[in-house]
Structure formats: structure tokens, C-alpha cells
Amino acid sequence: MSDINDLRNRMDEVTLEMIKLLKTRTDIAKEIGEVKKNIGKGVTDEVREDNLRGKVISLCNEIGLDETIATKFFNFLLNESVKVQSNNKQTHLSIFLKAKSMEQQGKKIIHMEVGEPDFLPPVIVKNALEEVFDKGFLKYGQARGMPIFRDALAKYVSKKFNANITEDNIIVSPGARFSIFTAITTLLNPGDEIIVIEPAWPAYKDCALNAGIKVRTINTTLEEKWEPSLEQIKNTINSNTKMIVLNYPNNPTGKILSEKLQDKIVELARQNDLYVLSDEIYSQYAKTSWKSILSYSYKKSIVTQSFSKSHAMTGFRIGYAIADTEIIEKMAKLEALCLTNVSEPIQYIAMKALEADTTNNSNTVQNRLDMLSEKASKMGLDFVVPDGAMYIFARINQEGFDGVQFANSTLEKGLAIAPGEGFGNYKNFIRISACQDEKTLIEGMNILGNIMSEEQ
Numbered sequence: 027m028s029d030i031n032d033l034r035n036r037m038d039e040v041t042l043e044m045i046k047l048l049k050t051r052t053d054i055a056k057e058i059g060e061v062k063k064n065i066g067k068g069v070t071d072e073v074r075e076d077n078l079r080g081k082v083i084s085l086c087n088e089i090g091l092d093e094t095i096a097t098k099f100f101n102f103l104l105n106e107s108v109k110v111q112s113n114n115k116q117t118h119l120s121i122f123l124k125a126k127s128m129e130q131q132g133k134k135i136i137h138m139e140v141g142e143p144d145f146l147p148p149v150i151v152k153n154a155l156e157e158v159f160d161k162g163f164l165k166y167g168q169a170r171g172m173p174i175f176r177d178a179l180a181k182y183v184s185k186k187f188n189a190n191i192t193e194d195n196i197i198v199s200p201g202a203r204f205s206i207f208t209a210i211t212t213l214l215n216p217g218d219e220i221i222v223i224e225p226a227w228p229a230y231k232d233c234a235l236n237a238g239i240k241v242r243t244i245n246t247t248l249e250e251k252w253e254p255s256l257e258q259i260k261n262t263i264n265s266n267t268k269m270i271v272l273n274y275p276n277n278p279t280g281k282i283l284s285e286k287l288q289d290k291i292v293e294l295a296r297q298n299d300l301y302v303l304s305d306e307i308y309s310q311y312a313k314t315s316w317k318s319i320l321s322y323s324y325k326k327s328i329v330t331q332s333f334s335k336s337h338a339m340t341g342f343r344i345g346y347a348i349a350d351t352e353i354i355e356k357m358a359k360l361e362a363l364c365l366t367n368v369s370e371p372i373q374y375i376a377m378k379a380l381e382a383d384t385t386n387n388s389n390t391v392q393n394r395l396d397m398l399s400e401k402a403s404k405m406g407l408d409f410v411v412p413d414g415a416m417y418i419f420a421r422i423n424q425e426g427f428d429g430v431q432f433a434n435s436t437l438e439k440g441l442a443i444a445p446g447e448g449f450g451n452y453k454n455f456i457r458i459s460a461c462q463d464e465k466t467l468i469e470g471m472n473i474l475g476n477i478m479s480e481e482q
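Set out below in C-alpha cells:
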């Protein structure tokens, strides 16, 4: 008995020593975060992390420690550093909330920071709002969603994307964001790794970080027309890699992958048994050839969709995910735990919205994007003309340019735009949304042009 107590005491001492070292490491991370902030450097440094990861693996081989356990612990440490250093990071939502606060104080703001279409939902939605009470869709329901709605979604998706989908492959969620959260949280474990191709909507990273999952970023560039390198993805995959996120048409760049490259990425995922989480919320706004991940019939794929962009129903908070039944079951357990079920009235309204023709929405946004592209070119903004979605992601070539400071200064002049920093290490970029009427967008671009002229 004394032997086991001695061992336990030794283990306690080691544990307490590890906590002390964690405190020291966290303090250093805070200092590094302040330095990075002052010099305008991004939070993550993939090259440095990879070098350190290599040293960790070499040490494991030397001392006879299981590499998988060590790298999971290593990922935990890296995530803690990211959390410490990301406290002051500003995104499009930061600007949006500040803009809303200014509006409450009576200031006029042109919103070009968020992807919220200004046009109304289909007329059928208004009618559905009036009839839902009489229809009796007012009760508790299945966490996956109402069977009648999931069946309608399955038929809609099967027809639209030429896929073989049943209601068992569908889960309804309060916005696509929640499907992304449940997929990442239920399918991955703390210490696992997820690959995100940047620039990217920040929610993927935030959901992973919240769940203790390490994000490995693939950085793409304007010069390469936002094309990810297959070789870089290959080199990032290791025994802890469990998922890759795809978002095409992309937010914020509007990029659509070539079918050939997308085929290779999906094949790479198959070879390495990775989940593919495909956010296809902007699929309706693809102006060039686009291929849904559903067409691959890959058992470990999860496709998320929403009514927010396609049907201009942002405030209704209604989305869905399409996946294998086993994946849906896991996601449904967490959704039931969090919210019982999505509001039945909202589900009914969304089901009726499926009957609407939303082609005009796509044409409207495309015309606005074309106009914005023309204006941005004349202003000397550096960008790739988007293949789809509803944004322009532009670089401003000015010495010492800081997207966050610039977004705050334009806000003071009545224009809200999104800083590039919110989408990755893109400090000298801004995202401009095409979700207002043409007259308002022109007014916003004029404000932007005047501010740029003043700062040159």
C-alpha cells in the first residue's frame, strides 16, 4: 500500500509542477500576444508551430512516449496560447455590433460589413406566417426537425444537387452556424486537428477552439487567386487530423475551386479517412461552375445549408445539415441537449419558402457585385473578381495599412466594412458586402474612396 501511495504522491508533484509551468507558459503567451499586436502580426504562426511539432515528435521517439498522446497535449497548449492572444481580435461582427449601437444613437450607417440581403423574404413566407397557427405547428418536436419538413428538404436537395437524399440524412438547425458547431463538437475530440483554408469565415476556427480542437490553417494568397495548394494540405495531415473544412463559393473571397482540384481534395480526404465539412450556404450565388460535395457520395461528408442568404431569411434563424445517418444521429443528440428542437412555426415557414423562386435574388446580388467590382477597380483596390457569394475581399496597398483601424475610421464616417483580420492573417484587407441597393452601395463606395484619398 505504501508503494502505491508513494507513486501517487510523485504523480501529484509532477501534476502540480506541470500547472506551474502552464502558468509560466501562459504568461509568456500573453507577452507574445502584446508584441504581435504592436507589430501587426497574426496570432498563429504555422511555420513555427510545425518546427516545434517536429521537435515534440523527435523527443517522443527519444524518450519512448506515444506520439499521439504527446501531440494532443501539444495541441492543447497551442490552443491555450491562441485563446490568450485572440482576446482583442475584431471581426465583421464586432463592427456590426458597434454600427448597430451607433444607429441607436441616431447616426446613419451604410452596412457593407455583413452578408445580410436587404431584400425581403419571398411573399409566400408572409402568407405562411399568417397560417402557421391554424395549421397547428406549435408543439415540441423531434430534435432532427419535423419529418414533413425534412422530407421536403430531402426532395429539394435531391433535385437541386442531383443527389440521393432522404429525410434521415437531414437535421434542421437554428441557422447553418449551429450545424457547423454540432458537427465539429460531436465528431471531433479535444486534441484532434481540423484543417481550415483561409481566408475563412471565423466561425469554423471559433467552434473548434471552443471544443479544444486544434485548427491547422492553409493560407491562400491574392497572387495565387486564393487557390489552396494540394501539397500543403497533404503536408498538414497527420495522425491527429480528423476533418477538413471547405467553403465554396467562399466567404470572404467569392472563390470557387476548380472541379479538378476539388476532386483531388475530396480524394485526399477519403485516403486519410477525414470528415469533409462543406459550408455551401452561398451555392445559390455561384456565377461560375460549382460542384456540391454531395455529388461525391462520400460517407464522411457533412454539408451545411441555410435560408439566410438564399431566401433572405437571416432573422428566422433556420438552416440544416445533410450527412450520413450515423453522423446525423450524433448531431441530433447534442441539438436535443441544447435546444430540444427548432421552433415548429419557423420550420413550417421555411418549408413553404422552398416553393418560392429565388432566381431574382441571385441576379440582384450578381449585378451589385459587378457594379462593386467596377467601382473597386477604378479606386485602385487590389482584388480577384469573385466567382460567386456576395463579397469583394480587397487589399489596400498603403504603407502601414491596418484593416481594423481603417474599418473603425470608416464607421465614424457612416460606412461599416469588415476588416480582413477577422478572416485570417489578412491585416491589409477589407471585405465589402453587396447586400444593399445599388444607390446605397454607390454612396458607400464614394465614402470609401474619399477616406482612401485623405489617407494617402
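Add 26 to a position in the sequence shown, counting from 1, and you land on the number used in the numbering used here.
Just so you know, even glycine gets a beta-carbon here, dropped at the ideal spot from N, CA and C.
Quick caveat: nothing in here was measured; it's all calculated off a predicted structure.
Residue closest to residue i, alpha-carbon to alpha-carbon, out of the options
i	options	result
N105	V140, V69 and M172	V69
N273	V40, G90, G470 and V329	V329
R242	E156, D76 and S403	D76
M12	Q392, L407 and H337	A query on residue 12 cannot be resolved here, the shown segment of the chain reaching from 27 to 482 and no further.
A229	V183, G201, I135 and M44	G201
G280	I375, S332 and I458	I458
K161	Y374, R203 and N367	Y374
Y311	K290, E129 and S334	S334
L363	A169, Q392 and P148	A169
K134	I353, I473, L123 and L441	L441
N386	P412, P143, F342 and R296	P143
L214	Q462, L303 and V410	L303
M416	L103, I348 and E139	E139
F432	K186, V222 and E480	E480
V110	I65, G59 and H137	G59
Per-residue DSSP class, three states only, for residue i
i	result
P445	strand
D408	strand
S513	Within the shown structure, residues of the chain are numbered from 27 to 482, placing residue 513 beyond reach of any answer.
L214	coil
T385	helix
T279	coil
T70	coil
S327	strand
T192	coil
D29	helix
I478	It is Met, not Ile, that sits at residue 478 in the sequence shown. Note: M478 maps to helix in three-state DSSP.
S284	coil
D144	coil
M339	coil
E75	helix
D463	coil
Exposed unless 16 or more other CB atoms sit within 10 angstroms - verdict on residue i
i	result
M269	buried
Y166	exposed
K81	exposed
L300	buried
F207	buried
E250	exposed
I95	exposed
I353	buried
D305	buried
N261	exposed
I282	buried
G141	buried
M44	exposed
V368	buried
F159	exposed
Element boundaries [beta strand (DSSP E), containing residue i]
i	result
E224	E219 to E224
G345	G345 to A349
A237	Neither: A237 is in no beta strand (DSSP E) and is coded neither H nor E.
F455	F455 to S459
A415	Element bounds for A415: n/a, residue is neither H nor E.
S199	I196 to S199
One or two residues paired with residue i in a DSSP bridge
i	result
Y166	Looking at the DSSP assignment, Y166 forms no beta bridge with any residue, so it has no partner.
S315	None; S315 has no bridge partner.
V430	Answer is none; V430 lacks a bridge partner.
M269	I220 and Y301
Y308	Its beta-bridge partners do not exist; DSSP assigns none.
N245	E224
R36	The partner list for R36 (beta bridge, DSSP) is empty, contrary to what the question assumes.
A420	I456
Residue span of the alpha helix (DSSP H) that contains residue i, given as start and end
i	result
A178	P173 to F187
H137	From DSSP, H137 is part of no alpha helix (DSSP H) but of the beta strand (DSSP E) over I136 to M138.
K109	E93 to Q111
F333	F333 to S336
I259	L256 to T262
S120	H118 to Q130
I150	V149 to K161
Residue i Cβ short of 8 Å to the ligand PLP heavy atom set
i	result
E57	With respect to the ligand PLP, the structure offers nothing, as it holds no ligand at all.
Chain C contact for residue i (CB, 9 Å cutoff)
i	result
L407	The structure shown contains no chain C, having only a single protein chain.
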